[in-house]
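Enquirer: Structure below; questions to follow.
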Ligand code: A3D
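In this note's numbering, the protein residues as written are 55 to 368.
Listed below in structure tokens is the structure:
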């Protein structure tokens, strides 16, 4: 039987992109092609990663390039290309600049990989998923935003540290947009099946929820230059694993909703089943009026970004 090698392209060879490439190759998930606009950067990082392969015991091919032809035939394309917010740049400037970058890279990449599944990482995340949907023309099942996996992992890490238990036994449930408008649901978060509110006081839960919401900013404040990339890259790797191995993991991801949770036509983070064809099913759970209101606020902030993008391109 012919051996079918799987291929993942990572667009953007910066901190998240290069680390995601490393995680994917070293987990033996797929061959990896890393592409960036900067000449030499993806080639240098790919060569460095390839030289670690004998020590890391894998045989994945890792290629760095500036040419989209080299990305052809990818099963999954991870989009991390973008700019960081510079001093003096407004949030809207960043939104429009990154939307332009995401549209351009997605258009080029999907020409060479028309059957691929896109994982979007560039911020502002939910709006960039909209930009990628428009640029690719792909159905919502194949354009998925990475945010909830990271937010859930942060929440799990804080809960595990606080209770002095293994994070393997902690599962966390997060809805909504990435960042300030994230909606963690403690009553659906458990430690070995025990609901979190049975193990932790409400005030402490609220502190950990707040720390999770501002988890990205906490790391930016410590690093001073740049933002988090180890946990974001791990989150990407888990999504790639679930897709390539058809694991059907239930993960919180950003996807275009068609009426689920009472939201239509907006990208919002929800739990879904991630398998070989991408989003296989959105899982809906009953929400309290407060949770529902928080989710609507989150969806409303995504709507504002979409309007800014559309007004700018009108
Ligand atoms: P960084 O290390 O700056 O890497 C970005 C890379 O994109 C650089 O190497 C650029 O050269 C490259 N790039 C820019 N324009 C293009 C283009 N047109 N084509 C190809 N490559 C291009 O940033 P990073 O890796 O730390 O972060 C990347 C993005 O992910 C940013 O938008 C972050 O805000 C975002 N991010 C999102 C999360 C979420 O949880 C959603 C987490 C971490 C980072």
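From the three backbone atoms N, C-alpha and C, an ideal C-beta is built for every residue, glycine too.
Residue 318 bridges to which residues according to DSSP?
Expert: In the chain shown, residue 318 corresponds to position 264, counting from 1. Per DSSP, 312.
Enquirer: When the Cα atoms are used, what is the spatial distance from residue 82 to residue 95?
Expert: Looking up residue 82 in the chain shown gives position 28. Looking up residue 95 in the chain shown gives position 41. Using only the alpha carbons, I get a separation of about 23 Å.
Enquirer: Hey, would you say the C-beta of residue 238 is under 7 Å away from at least one heavy atom of ligand 1?
Expert: Here residue 238 refers to the residue found at position 184 of the chain shown. No - ligand 1 has no heavy atom lying nearer than 7 Å to the Cβ of residue 238.
Enquirer: Please list, in chain order, all residues of the same chain as residue 353 whose beta carbon is under 7 Å from its beta carbon, the five residues on each side excluded.
Expert: Walking along the chain shown from the start, residue 353 turns up at place 299. These residues qualify, in order along the chain: 317, 320, 322.
Enquirer: I need the boundaries of the alpha helix (DSSP H) containing residue 183, first residue and last residue.
Expert: As a working mapping, residue 183 is identified with position 129 in the chain shown. Where residue 183 is concerned, the enclosing alpha helix (DSSP H) stretches over 179 to 190.
Enquirer: Indicate, with yes or no, if ligand 1 has a heavy atom lying under 7 Å from the CB of residue 397.
Expert: Because the chain in this structure spans residues 55 to 368, residue 397 falls outside the shown range and cannot be described.
Enquirer: Report yes or no: do three or more beta-carbon pairs, one from the region 133 to 153 and one from the region 108 to 122, lie closer than 8 Å?
Expert: no
Enquirer: Taking the beta carbon of residue 230 as the centre, do at least 16 other beta carbons fall within 10 Å, making it buried, or is it exposed?
Expert: As a first step, residue 230 must be located in the chain shown, where it is residue number 176. Result: buried.
Enquirer: Kindly indicate which residue of 79, 103, 113, 118 has the alpha-carbon position closest to the one of residue 92.
Expert: One-based indexing of the chain shown puts residue 92 at position 38. That would be 118, whose Cα lies nearest to the Cα of residue 92.
Enquirer: Is it buried or exposed, residue 328, if we count other Cβ atoms within 10 angstroms and call 16 or more buried?
Expert: The sequence position of residue 328 within the chain shown is 274, counting from 1. Buried is the call here.
Enquirer: Taking a contact to mean a Cβ-Cβ separation below 8 Å, would you say residue 60 touches residue 129 in this structure?
Expert: For the purposes of this step, residue 60 is taken as residue 6 along the chain shown, with counting starting at 1. For the purposes of this step, residue 129 is taken as residue 75 along the chain shown, with counting starting at 1. Yes, the Cβ-Cβ distance between residue 60 and residue 129 is below 8 Å.
Enquirer: Is it a yes or a no for the region 285 to 300 touching the region 196 to 212, going by three-plus beta-carbon pairs under 8 Å?
Expert: yes
Enquirer: Bridge partners for residue 172 per DSSP, in chain order?
Expert: On the chain shown, position 118 is the one that residue 172 refers to. DSSP output for residue 172 lists 131, 197 as bridge partner(s).
Enquirer: Confirm, please, whether the CB-CB distance from residue 237 to residue 359 is below 8 Å.
Expert: In the chain shown, the residue the question calls residue 359 occupies position 305. In the chain shown, the residue the question calls residue 237 occupies position 183. Against a cut-off of 8 Å, the Cβ pair of residue 237 and residue 359 comes out as no contact.
Enquirer: Span of the beta strand (DSSP E) holding residue 335?
Expert: Within the chain shown, the letter at position 281 stands for residue 335. Here the beta strand (DSSP E) through residue 335 covers 332 to 336.
Enquirer: Based on Cα-Cα distance, which residue from 157, 217, 216 lies nearest to residue 197?
Expert: Within the chain shown, residue 197 is the residue found at index 143, counting from 1. The shortest C-alpha separation from residue 197 is found at 157.
Enquirer: From residue 239 to residue 345, what does the alpha carbon distance come to, in whole angstroms?
Expert: The residue given as residue 239 occupies position 185 in the chain shown. The residue given as residue 345 occupies position 291 in the chain shown. Roughly 8 Å separates the two Cα atoms.
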